[in-house]
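Q: Straight run, no breaks: the sequence shown in our numbering ends on number 185.
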Amino acid sequence: MDAQMDSILPRISRPCAACRMLRRRCNDDCLLAPYFPLEEVESFAVVHKVYGASNVIKMLQVVEEREREDAVKSMVYEARGRLRDPVHASAGVIFHFQKHVQDLLEQLELTRARILESKVQINQLLSSLKDVQCHDHQPKSTIFENAAIENGDIVLDDTILGSNLIEFPAECYWDFNRFGM
Numbered sequence: 005m006d007a008q009m010d011s012i013l014p015r016i017s018r019p020c021a022a023c024r025m026l027r028r029r030c031n032d033d034c035l036l037a038p039y040f041p042l043e044e045v046e047s048f049a050v051v052h053k054v055y056g057a058s059n060v061i062k063m064l065q066v067v068e069e070r071e072r073e074d075a076v077k078s079m080v081y082e083a084r085g086r087l088r089d090p091v092h093a094s095a096g097v098i099f100h101f102q103k104h105v106q107d108l109l110e111q112l113e114l115t116r117a118r119i120l121e122s123k124v125q126i127n128q129l130l131s132s133l134k135d136v137q138c139h140d141h142q143p144k145s146t147i148f149e150n151a152a153i154e155n156g157d158i159v160l161d162d163t164i165l166g167s168n169l170i171e172f173p174a175e176c177y178w179d180f181n182r183f184g185m
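1. Measuring only the C-alpha atoms, how far is Val53 from Asp107?
2. Buried or exposed, going by whether 16 or more other CB atoms sit within 10 Å of the CB of Ala22?
3. Please report the residue range of the alpha helix (DSSP H) in which Cys23 lies.
4. Rounding to the nearest angstrom, what Cα-Cα distance links Pro19 and Asp33 in this structure?
5. Can you list, in chain order, the residues of its chain whose CB lies under 7 Å from that of Tyr39, leaving out five sequence neighbours each side?
6. Report yes if the C-beta distance between Val80 and Val105 is below 9 Å; otherwise report no.
7. Would you call Ala117 buried or exposed, if buried means 16 or more other Cβ atoms sit within 10 Å of its Cβ?
8. To test your reading of the DSSP string, which unbroken alpha helix (DSSP H) runs of 4 or more residues are found completely within the region 52-133?
9. Helix, strand or coil for Ala49 per DSSP?
10. Whole angstroms is fine: what's the gap from Thr115's alpha carbon to Arg70's?
11. Is it the case that the Cβ atoms of Leu36 and Ala49 are separated by a distance below 9 Å?
12. Got a sec? Which residues, its chain only, sit under 6 Å from Leu120 by beta carbon, not counting five neighbours each side?
13. Straight-line CA distance for Ser78 to Asn31?
14. Would you check if the distance between the CB atom of Val45 and the CB atom of Met63 is smaller than 9 Å?
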């Protein structure tokens, strides 16, 4: 019986946020009580300031009962947006984020283009390095023929090199015309 009384007493002795703010008696059939409990005084104050209590009640009466909670959340969100930005309200926030997404997409495209350009440059560099001839008229170097690119780095297989890179001839003939110089 005490549990039954506890569930009844708080409702009788504690009005909802709407009734408390409007200084009226909160009945058991109060339409706003389920959506604006006493802890939600600030939320109701915002909604009341923008829409007015009677308009909120009218809007809730039109909405089906299962959708009312979402409707109240939307009203609170829209009212807060309207107080922050009286001209654009929540649409201003939406436009801001749409612009931000568009900027990020443009930045992503630029980054993809730079990555593609870097890959082309790496391939050109590898191709140019394959054509390098050393001064002692050895055949074209095969060092880079088995080169691979992993994560943008040139990877050489040491077993295929066939020579010690430290003792590799330092003087090589470079055809700078090939590089456009």
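For each residue, glycine too, the CB sits at the ideal point set by N, CA and C.
A: Judging by the given coordinates:
1. On the sequence shown, residue 53 is found 49 positions in, with the first residue counted as 1. On the sequence shown, residue 107 is found 103 positions in, with the first residue counted as 1. In the sequence as displayed, the identity of residue 53 is Lys instead of Val. Distance between the alpha carbons of Lys53 and Asp107: 36 Å.
2. Here the question's residue 22 lines up with position 18 in the sequence shown. By the 10 Å Cβ count, Ala22 comes out buried.
3. Sequence index remark: in the sequence shown, residue 23 carries index 19 (1-based). Looking at the DSSP string, the run of the alpha helix (DSSP H) that includes Cys23 is 21-26.
4. Locating residue 19 in the sequence shown gives position 15, counting from the first residue. Locating residue 33 in the sequence shown gives position 29, counting from the first residue. Answer to the nearest angstrom: the Cα atoms are 12 Å apart.
5. As a position in the sequence shown, residue 39 is number 35, starting the count at 1. Hits under 7 Å: Arg72, Glu73, Val76.
6. Stepping through the sequence shown from its first residue, residue 80 is reached at position 76. Stepping through the sequence shown from its first residue, residue 105 is reached at position 101. No.
7. Along the sequence shown, one-based indexing puts residue 117 at 113. Answer is exposed; the Cβ neighbour count stays below 16.
8. 57-66, 72-88
9. Position 45 of the sequence shown, counted from the first residue, corresponds to residue 49. Note: Ala49 maps to helix in three-state DSSP.
10. Indexing the sequence shown from 1 puts residue 115 at position 111. Indexing the sequence shown from 1 puts residue 70 at position 66. Thr115 and Arg70: Cα-Cα distance of roughly 47 Å.
11. Numbered from 1 along the sequence shown, position 32 holds the residue referred to as residue 36. Numbered from 1 along the sequence shown, position 45 holds the residue referred to as residue 49. No, they are not a contact pair.
12. On the sequence shown, residue 120 is found 116 positions in, with the first residue counted as 1. Excluding sequence neighbours, Leu120 sits near nothing in its chain.
13. Within the sequence shown, residue 78 is the residue found at index 74, counting from 1. Within the sequence shown, residue 31 is the residue found at index 27, counting from 1. C-alpha separation (whole angstroms): 25 Å.
14. For the purposes of this step, residue 45 is taken as the residue at position 41 of the sequence shown. For the purposes of this step, residue 63 is taken as the residue at position 59 of the sequence shown. Going by C-beta atoms, Val45 is not nearer than 9 Å to Met63.
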